[in-house]
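Residue numbers (the working numbering), protein chains in the order written: chain V, 36 to 150; chain Y, 11 to 614; chain R, 7 to 258.
Ideal Cβ placement from N, Cα and C applies to all residues, glycine included.
Everything below concerns the one structure shown next.
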Amino acid sequence: MSVYPYLVAAWLLGCGLYGIVTSRNYIHLTICLTVVQASTYVLLLSVGYVNGAQAPIYAGISERSVVVDPIVQALTLTDVVVEATVVALLLALILQANKRYGTTDPDRMTRMHDE
Amino acid sequence: MSQLAPLSVAIPLLVAALLTCAGAFLPRLAVDLIATLTALACFAMTLTLIIHVGSGLEVYWFGGWHVTHGVAVGIDFAVGPIGAGLATFISLLMVLALISSTRGLDVKHPYYQVLMLTFLAGMVGFCLSGDLFNMFVLFELMSISAVALVGYKVHERAALEGGLNFAVINTIGGFLFLLGIGLVYSRTGALNLAQIGHYLAHSGNDRVVMVAFALIASGLLIKAAVVPFHFWLADAYAVALTPVCLLLAGAMSELGLYGLGRIYFSAFEPALSGHTGTLRAIFVGIGLLTSLWGGLMALTEDHLKRLLAFVTIAFIGVFLTGLGLLSPDGVAGTAVYVLADGFGKALLFACAGMIQHRLGRLSQSRLHGRARSLRLIGALFLAGGLLIAALPPFGPFLGKSMIEDAAVKVGYGFVPPLIALSSALCGAAVLRAYACVFLGWGEAPGRADQTDEDTEPETTDSHDRTPLVQLIPAIVLLAGAIGVGVWFGFADLAETAATRFTDVHGYLVTVLAASGHPIPPAASSSPAWYDWLYCGGATVAAVAFAAAGVWGRRYLPWGCRLTDAASRVLAPLRRTHSGQIGDYTAALTLGVGVFGGLLALTLL
Amino acid sequence: MRGGHSRARLATAAVGLVLVVGGFAWAVTDLPAFGHYHHRYGAYLAQHSLPQRGATNSINVITFDYRGFDTLGEEFILFVAVVGVVVLLRRLRGEEDESDEDINESQPLASESLRWLGVASAAPLAVIGAYVVTHGQLTPGGGFQGGVILMAAVTIVFVGGEFMIMLRLRARAQFLEMGEALGAAGLAVLGFGGLIASGVFFENFIPHGHRGSLFSGGFLTIANLAVGIEVAGAILMVLAELLDQRLLTRPA
């Protein structure tokens, strides 16, 4: 039970990577990348949890109450912003690629050197 | 004086933001000037920083948050000689890259200059940072800027493919890095490298630490493009704008290795010190594999920039071998070699860019003999090729000899001949390209693909002359590559810097307890007789292989059969570079799994 | 060839995934149990953010004060991504615009109630967004979160079906860009302000005010504002660029 959230992170990592390897559509691939990112969020947030504690916002609660770790929440915030930016850039590249190749299938895009 | 560290990161960022606002109203020349001056200011600041730091370690705490009750509360920049030296080198490359893009490079200003400045800020910050999560943030800043710059030529299919592959693979690497940070944080509760090291010195090694190190190292090795994470590099470096290639080849790949070294020596060494032998074997093994793979692939490439990308991969392998020896001598040799070879590779990319400007194509088979009139560029290209084959007594020779000495000192006597072979292969590839393109001798190694050719040239200026702004940076780079070897005492400086870099206890004490920890200046030994032999031999072998490639088919009786057999052997290797992201990711997953598995075996 | 390629790829990936996921799972079984976080760094920051900075949202204090330099880097990552999207989706030679009449005709008509819902939600969302941004240091929220809500206030109009509004947005892209860049620059300038005022980069140099008041936390209010403007501007710019692509026609 106490290791379950971490295993969820491991499972998400595996699903995301599997999705990227077998993807037939670049937009699907980008979403699989966000699944891998989700595994990092789950890991970070689970690491900082304290049983029976409050959120680390002291408005209305006593200064001495037990709170969860605020650092991982700040780290996750940064992580979310990084994810959004990567997805934005990837989508821009995919849009242009779709215009040039006429497809979003990664396997169908010809590479620079054919065999 | 101590403010220079944050300013060297903050000033390019601020100027980038302001340029976005004002750039649409300013003429192109003004934007170029502002960007170049900012890079120059960054260079001046980092140069002053390294002179001021000397052999010491300067710690700068952001926001005034110093260590309280033994807890590192804020983020710090821990500036040592290796980090500051690398930052200086990167700033110099950026100045040269921006100068060479002033005249005629067909870019949308001010966005190109803005991206270059943020790229600079990310790289410089990464070199100076002493906090694990801060390194991740700057790693991502660097990667995002690089993705936009690599995929810049959106009208070309190859550029889009290169940009997509680069973006996806690097992002996966970034997330593996972040997973490792999560695990480390859970075990130690700290994000500061010194704090982590301090904690791990007491708690020692366990599953979590080992897997965290495997994940962090994988993320950085993906950025550094070692085998089997290297597939994206050839696609990406071949299609980027030339000034961007200067930086990518000269600096960005090496930063992955710098990060690995920094994190290992500051945070993980206290826990993993018992397993140095195994780690050394693993890193040296991967490094040698990478260097040979890169060298062999370079020989079979037709497209000039792709050839140089494989040369870059080969040299990353040699750098990893040097760093992986996990000794001050190895680190010193790697530092010198990174500098000298960085100049050399940037020089070759600059020459490729000039060829592209004058003749509009980069395929050896299409360029065959057409560059005969470009004598100066040819001379620079030839010089670059000989330098990277470690022609004594210049810069790359010095670096290589230091790595070889370090390897022999820890008992790895088989390393020098293998890295000599790798340099020979790379040198041969470049020399054969020189013969094919500039002299018209021999045949090209492969046939050109239709998609090799640019549909539009990179530059808009007249194609009859090479602009001075492209020529002068190339000459400066050549001077740098030569000068690093000829400057007496540089090896000693590198040795002292490396001693500081590998001094774990001193790092912990300086950062956490704010007390200085001076180290005595170290001296390095001058190259031994067998160094001259290996490097001279590598140069001779490079010329010989190149000559065999050029004339072998025609003049040697068994030449045809040999080259056919070689092609058949190398064909499967070439097929793995399929350009398809699914293949790359599968190889990446297997690589991470095997690397992690090897590391885990040391625990059981 | 195709089949062989895929089989090799799947086999490699299968082995790799078993090793990676298995190894990761093997490691996490050794972590402290879920819910038993006990380290000093987090506890120290949580306990000291209110007394030291007078702000009740300790996460916001960490984001902008204790670990403010990370946020500067993160904000510039967002900034670079927007510049990157602008660069990658730039107009190439030969791509032309559809005329405005064509655009209007080619869009499916949204129902009246949907359009009214979109327009009516804009103002409440803007107020909520402004509240979240300015009260970031007191209650959950902050610059990033509030900026996204502010962006939603504009986007919901588009989603509701009022396409012409977004066209006008696209025409004003330059102002969006400047706003976004100024937001990014603003955070950097705050860092310099700390440098000039107290000699340390990113030091919180503005007086802290009373706890629980709107201007507590020192420069947190300004930082939240700068980031809110930047995030809203950035996402709207990306939206404008993507819309631009939607409306481009290529010569046949």
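Secondary structure at residue i, three-state DSSP: helix, strand or coil?
i: Y:W561; result: helix
i: Y:F87; result: strand
i: V:W46; result: helix
i: Y:A532; result: coil
i: Y:H76; result: coil
i: Y:A524; result: coil
i: R:V173; result: According to the sequence provided, residue 173 of chain R is Leu. The question's Val does not apply to it. Helix at R:L173.
i: R:T145; result: coil
i: V:P60; result: Looking at the sequence provided, one finds Asn at residue 60 of chain V rather than Pro. Reduced to three states, the DSSP call for V:N60 is coil.
i: R:D36; result: coil
i: R:G41; result: strand
i: Y:E68; result: strand
i: Y:A82; result: strand
i: V:E150; result: Because the pLDDT of V:E150 is 34, which lies under 50, any placement of that residue in the model is unreliable, and the number read from its coordinates should be weighed accordingly. Reduced to three states, the DSSP call for V:E150 is coil.
i: Y:C31; result: helix
i: R:L242; result: helix
i: R:D250; result: helix
Please name the residue in the options whose C-alpha comes closest to that of residue i.
i: R:G313; options: R:I228, R:R178, R:Q180 and R:H214; result: This structure cannot speak to residue 313 of chain R, because chain R is shown only from 7 to 258.
i: Y:G221; options: Y:L125, Y:G95, Y:F555 and Y:L282; result: In the sequence under discussion, the amino acid at residue 221 of chain Y is Val, which differs from the Gly named in the question. When each option's Cα is compared against that of Y:V221, the closest is Y:L282.
i: Y:C52; options: Y:C31, Y:L24 and Y:H79; result: Y:L24
i: Y:H378; options: Y:V560, Y:A200, Y:L28 and Y:E453; result: Y:E453
i: Y:M104; options: Y:L258, Y:V117 and Y:V178; result: Y:L258
i: Y:L428; options: Y:F325, Y:L174 and Y:L57; result: Y:F325
i: Y:A27; options: R:S127, R:V89 and R:A203; result: R:V89
i: Y:V560; options: Y:R584, Y:I85 and Y:L441; result: Y:L441
i: Y:E68; options: Y:G172, Y:T46 and Y:I92; result: Y:I92
i: Y:Y540; options: Y:A507, Y:A417, Y:P530 and Y:P455; result: Y:A417
i: R:L94; options: V:V115, V:A132, V:V117 and V:A119; result: V:A132
i: R:A194; options: R:G135, R:S55, R:F164 and R:F225; result: R:F225
i: R:F82; options: Y:F511, Y:T300 and Y:L127; result: Y:L127
i: V:L125; options: V:S37, V:G54 and V:L68; result: V:L68
i: Y:W75; options: R:R174, R:Y50 and R:V91; result: R:Y50
i: R:G48; options: V:S74, V:K134 and V:V82; result: V:V82
i: R:D76; options: R:G218, R:Q53, R:F207 and R:V244; result: R:F207
Quick one: does the C-beta of residue i sit closer than 7 Å to a heavy atom of the ligand SAH?
i: V:V101; result: Among the ligands in the structure shown, none appear at all, so the ligand SAH cannot be discussed.
Give me the chain V residues within the contact set of residue i, using Cβ-Cβ distance strictly less than 8 Å, ordered along the chain.
i: Y:G173; result: L128
i: R:Q58; result: Here the premise fails: no neighbours, minimum Cβ distance about 12 Å.
i: R:Q265; result: This structure leaves residue 265 of chain R out entirely; chain R is present only between 7 and 258.
i: Y:L595; result: Reading off the sequence, residue 595 of chain Y comes out as Thr, not Leu. Within 8 Å Cβ-Cβ: L52, I55 and V56.
i: R:A136; result: Simply none; closest approach about 19 Å.
Against residue i, what residues of chain Y qualify as contacts under a CB-to-CB distance less than 7 Å, listed in chain order?
i: V:R135; result: R167 and L170
i: V:S58; result: G592
i: R:F75; result: F72, I85 and N144
Report the neighbours of residue i on chain R: residues whose CB is nearer than 7 Å to its CB, in chain order.
i: Y:Y121; result: V89, V92 and V93
i: V:L68; result: By Cβ distance, chain R contributes nothing, its closest Cβ being about 14 Å from V:L68, past 7 Å.
i: Y:T128; result: F82 and V86
Taking C-beta pairs closer than 9 Å, name the residues in chain Y that residue i reaches, listed in chain order.
i: R:L98; result: V164 and H165
i: V:L42; result: Residues of chain Y passing the Cβ test: none, with the nearest at roughly 14 Å.
Listing by chain order, which chain V residues have their CB less than 7 Å from the CB of residue i?
i: Y:F185; result: V71, Q72 and T75
i: Y:E453; result: Correct list: empty, because the minimum Cβ distance to chain V is about 17 Å.
i: Y:L615; result: Residue 615 of chain Y falls outside the range modelled here, since chain Y spans only 11 to 614, and no answer is possible.
Based on the DSSP secondary-structure assignment, which residues constitute the bridge partners of residue i?
i: Y:D593; result: Partner(s): none; Y:D593 has no beta bridge.
i: V:Q89; result: V:V102
i: R:V67; result: DSSP lists no partner for R:V67.
Residue i touches chain R at which residues, Cβ-Cβ below 8 Å?
i: V:S97; result: The premise fails here: V:S97 is roughly 11 Å from chain R at the closest Cβ pair, so nothing lies under 8 Å.
List the residues of chain R that residue i touches, going by C-beta distances under 9 Å, in chain order.
i: Y:A45; result: None at all; the shortest Cβ gap to chain R is about 13 Å.
i: Y:K118; result: V92, V93 and R96
Three or more C-beta pairs below 8 Å linking the stretch 597-604 of chain Y and the stretch 234-243 of chain Y: yes
Meets three-Cβ-pair contact criterion under 8 Å: the stretch 129-144 of chain R and the stretch 56-74 of chain R: With contact defined as three or more Cβ pairs closer than 8 Å, the stretch 129-144 of chain R and the stretch 56-74 of chain R are in contact.
Stretch pair the stretch 332-349 of chain Y + the stretch 290-302 of chain Y: three plus CB contacts closer than 8 Å: yes
Validate contact between the stretch 194-205 of chain Y and the stretch 114-129 of chain R using beta carbons, cut 8 Å, 3 pairs: no
At least 3 beta-carbon pairs within less than 8 Å: the stretch 174-181 of chain Y vs the stretch 197-216 of chain Y: no
Segment contact, 8 Å Cβ cut-off, at least three pairs: the stretch 383-401 of chain Y with the stretch 249-267 of chain Y: In short, these stretches do not touch, since the Cβ pair count stays below three.
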